[in-house]
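Following: one structure in structure tokens, then a few remarks.
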Amino acid sequence: MTLSLFALQLLNGIEVGLLLFLVASGLTLVFGVLGVLNFAHGSFYMLGAYLAWWLAERTGGLIWAVLLGVPVMLALGWAVERFAISRLYRRDHLSQVLLTYGLVLLFNELQRTLFGNDVHGVPAPRALDWTVSLGEMQTWGAYRIFTSIACLCIAIGMRQIILGTRFGMRVRAGASNGEMLEALGVDVRRLFSVLFSIGTALAALAGMLAAPLTTVFPGMGESVLVVSFVVVVIGGIGSIKGAFAGAMLVGIADTFGKVLLPSISSAIVYAVMAAVLIFRPQGLFGEAQAR
Amino acid sequence: MTVPLLEATGLHTYYGASHVLHGIDLRILPGECVTLMGRNGMGKTTTIRSLLGLTPPRAGEVRVRGKIVTGLPPHRIAQEGIALIPEGRGIFPTLTARENLTVAARPGRWTPEAVLDLFPSLRARLHHLGSQLSGGEQQMLSIGRALMTNPELVILDGATEGLAPLVRRQIWSVLRRLRAEGTATLVVDKEVRPLLELGDRHLILVKGRIAFAGDSQEWRARAEENLVLLRA
Ligand SMILES: Nc1ncnc2c1ncn2[C@@H]1O[C@H](COP(=O)(O)OP(=O)(O)O)[C@@H](O)[C@H]1O
Ligand SMILES: [Mg+2]
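Going down the list, the sequences are from chains A and B. For the first sequence, the positions run 34 to 324 when this note's numbering is used. For the second sequence, the positions run 9 to 240 when this note's numbering is used.
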């Protein structure tokens, strides 16, 4: 592998990881704070991608699709929390799996009905239709650079919000003791609604940004869900920092695996997960004892 | 007659099928200090949880300043001006001490500065995580956090349990100060003497029923019977 190929794969791996982080961060927060194992989280990614395609066809571009699609998905997240997820807060994991898996089927049906079952490509914005050359053979697409920077900005913004604002403080407090927060006069239900809808919108945004890179196809939600669970487990359940580290690790391992060990590439991320869990059963940034 | 700050009538509270409170009546006037005594498992914590809506009573009524709050979510009841210092203190372990103070603060005369004047030893610990504080520091922080919501009624479930004598004295003196300043308190503790010195009125719970209610003089007049009710 030449140095430039190595660099390109590394950059691609980071980009895959950053997109994965947008999905996994919502999944880990919803599990860590709301205590709900949400199988439908991947569906938000899938719906985001389909919405990006559908809106881009009608509005003339991905940027408009994102600007319109993100508020739609915020609203969808709010509605899903209000009418479905909020019924799960005091339930066991089996009820959570049953209901949220039901939502997966529902969203798949919604996708079939609204958008059809065809595979679609979404063009990257024309302004980003150029490349940077890396060495003699490789080029790095401007859209990929843009996506990486956008995701990185979102990750930094999330960090600022979680560590530096009262909303973030309450999210962290709610993760350890929601009842106490409620008893101090904080509307924890509303906090959960807001958090869930932000998580939904982030997953959908990842789907929208990924659409020009991966194509839009039925079942894309399930595959991202599985990988996101791997990320969450590697990082430590409920930890945003962990989701970031896990997403980077998985993104890079997956990208290099596809190049170096194509025959077993689909097993690489699970091997990484197993290796991490052997040394840290609670994940990289997880709490040692179970909640 | 003054409208009670908090008034509960005929509270019956259950955990699943087990019937824990059997008709609790309780009233706290503005600025009054009421104490809640009773052996372990008699229903003190459950009474407090019922008042705040954390474990809503199945029968009975809670009013704050005459307004019925039974059935409201706990945060709405707390916003009426009630703050809880729970059993076990309930410090948020992953938040710093300063964040614990501000996470649920509502505007009023209690500011972080005022709380730190009350508990100067917290000043050096502001940037430590809640989980890194000692039991005494956690209790001070829990009181400070409650005061930061600028409440009219402070509920302390276990004021001094498990704390060193010096910290205990400090907490009793803070409670005296709150009383002098006109903040109502509902205090649970194992130590009878400071409760009798502090409280305007006292309740003794036995198996989810009120076995005694009266002021300090009445309590002392029945001291022997009351001590039997409290003996473990
Ligand atoms: N979460 C719970 N589930 C079931 N029973 C409980 C629960 N909490 C308390 N109890 C029972 O309710 C009774 C009153 O408990 P509690 O209010 O905690 O008493 P106290 O605070 O006076 O020690 C006890 O018999 C206790 O075992
Ligand atoms: Mg108790």
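Beta carbons: idealized from backbone N, C-alpha and C, even for Gly.
Cβ neighbour criterion (16 or more within 10 Å) applied to residue 86 of chain A: buried
Under the three-state DSSP convention, the category residue 146 of chain B falls into: Three-state result, residue 146 of chain B: helix.
Members of the segment 206-219 of chain A that neighbour chain B once the beta carbon cut-off is set at 8 angstroms: 206, 208, 209, 210, 212, 213, 214, 215, 216, 217, 218 and 219
Start-to-end residues for the alpha helix (DSSP H) that takes in residue 127 of chain A: 126-148
Contact set between residue 62 of chain B and chain A, taken where Cβ atoms lie within less than 9 angstroms: 212, 215 and 216
Contact set for residue 134 of chain B: own chain, Cβ-Cβ below 6 angstroms, skip 5 residues either direction: 105 and 106
Residue 234 of chain B beta carbon near ligand 4 (any heavy atom closer than 7 angstroms): Ligands present in the displayed structure are limited to ligand 1 and ligand 2, and ligand 4 is not among them.
Closer than 7 angstroms: residue 50 of chain B CB and nearest ligand 1 heavy atom: yes
Chain A residues whose Cβ lies nearer than 8 angstroms to that of residue 94 of chain B: Going along chain A in sequence order, the residues near residue 94 of chain B (Cβ under 8 angstroms) are 213 and 216.
Cβ-heavy atom distance, residue 200 of chain B to ligand 1, below 7 angstroms: no
Complete runs of the alpha helix (DSSP H) confined to the segment 161-244 of chain A [at least 4 residues]: 175-197 and 199-216
Identity of the residue in B:103, B:210 and B:64 nearest residue 214 of chain A by Cα: B:103
Within chain A, the residues that residue 101 of chain B reaches when beta carbons sit closer than 9 angstroms: 209 and 210
Buried versus exposed call for residue 309 of chain A [16 or more other C-beta atoms within 10 Å across all chains shown]: So residue 309 of chain A counts as buried.
beta-carbon residue 53 of chain B near ligand 2 non-hydrogen atom, thresh 7 angstroms: yes
Residue-chain proximity (residue 203 of chain A, chain B), Cβ-Cβ < 8 angstroms: yes
Residue 165 of chain B Cβ short of 7 angstroms to ligand 2 heavy atom set: Residue 165 of chain B: yes, Cβ under 7 angstroms from ligand 2.
Per DSSP, cross-strand counterpart(s) of residue 20 of chain B: B:30 and B:67
DSSP three-state assignment for residue 105 of chain B, whether helix, strand or coil: helix
beta-carbon residue 212 of chain A near ligand 2 non-hydrogen atom, thresh 7 angstroms: no
Cβ contact (3+ pairs, closer than 8 angstroms) linking the segment 91-104 of chain A and the segment 249-260 of chain A: no
Amino acids of chain E, ordered along the chain, whose beta-carbon sits closer than 7 angstroms to that of residue 114 of chain B: Going by chain labels, chain E is absent from the structure shown, which instead holds the protein chains A and B.
Sufficient close CB pairs (3 or more, under 8 angstroms) joining the segment 162-171 of chain B to the segment 53-67 of chain B: Because the criterion of three Cβ pairs below 8 angstroms is met, the segment 162-171 of chain B and the segment 53-67 of chain B touch.
Outcome for residue 54 of chain B when other beta-carbon atoms lying within 10 angstroms are tallied against a minimum of 16: Counting C-beta atoms within 10 angstroms of its own C-beta, residue 54 of chain B has 16 or more neighbours from the protein chains shown and is therefore classed as buried.
CB contact flag (residue 56 of chain A, residue 261 of chain A, <8 angstroms): Going by C-beta atoms, residue 56 of chain A is nearer than 8 angstroms to residue 261 of chain A.
Rounded C-alpha distance that separates residue 299 of chain A from residue 175 of chain A: 27 angstroms
Any non-hydrogen atom of ligand 1 closer than 7 angstroms to residue 58 of chain B Cβ: no
Residue 146 of chain A versus A:94, A:83 and A:186, residue with shortest Cα-Cα distance: A:83
8 angstroms Cβ cutoff met for residue 89 of chain B and residue 159 of chain B: yes
Proximity winner among A:179, A:167, A:131 and A:137, relative to residue 251 of chain A (alpha-carbon distances): A:137
Any chain B beta carbon closer than 8 angstroms to residue 382 of chain A: In this structure chain A extends from 34 to 324, so residue 382 of chain A is not present and cannot be described.
Buried or exposed by the 16-neighbour rule on C-beta atoms within 10 Å, applied to residue 184 of chain A: buried
Neighbour-count burial assignment, residue 15 of chain B, 16 or more Cβ in a 10 Å radius: Looking at its Cβ environment, which holds 16 or more other Cβ atoms inside 10 Å, residue 15 of chain B is buried.
Beta-carbon gap between residue 29 of chain B and residue 72 of chain B smaller than 8 angstroms: no
Which of helix, strand or coil DSSP assigns to residue 154 of chain B: Helix at residue 154 of chain B.
Heavy atom of ligand 1 within 7 angstroms of residue 83 of chain A beta-carbon: no
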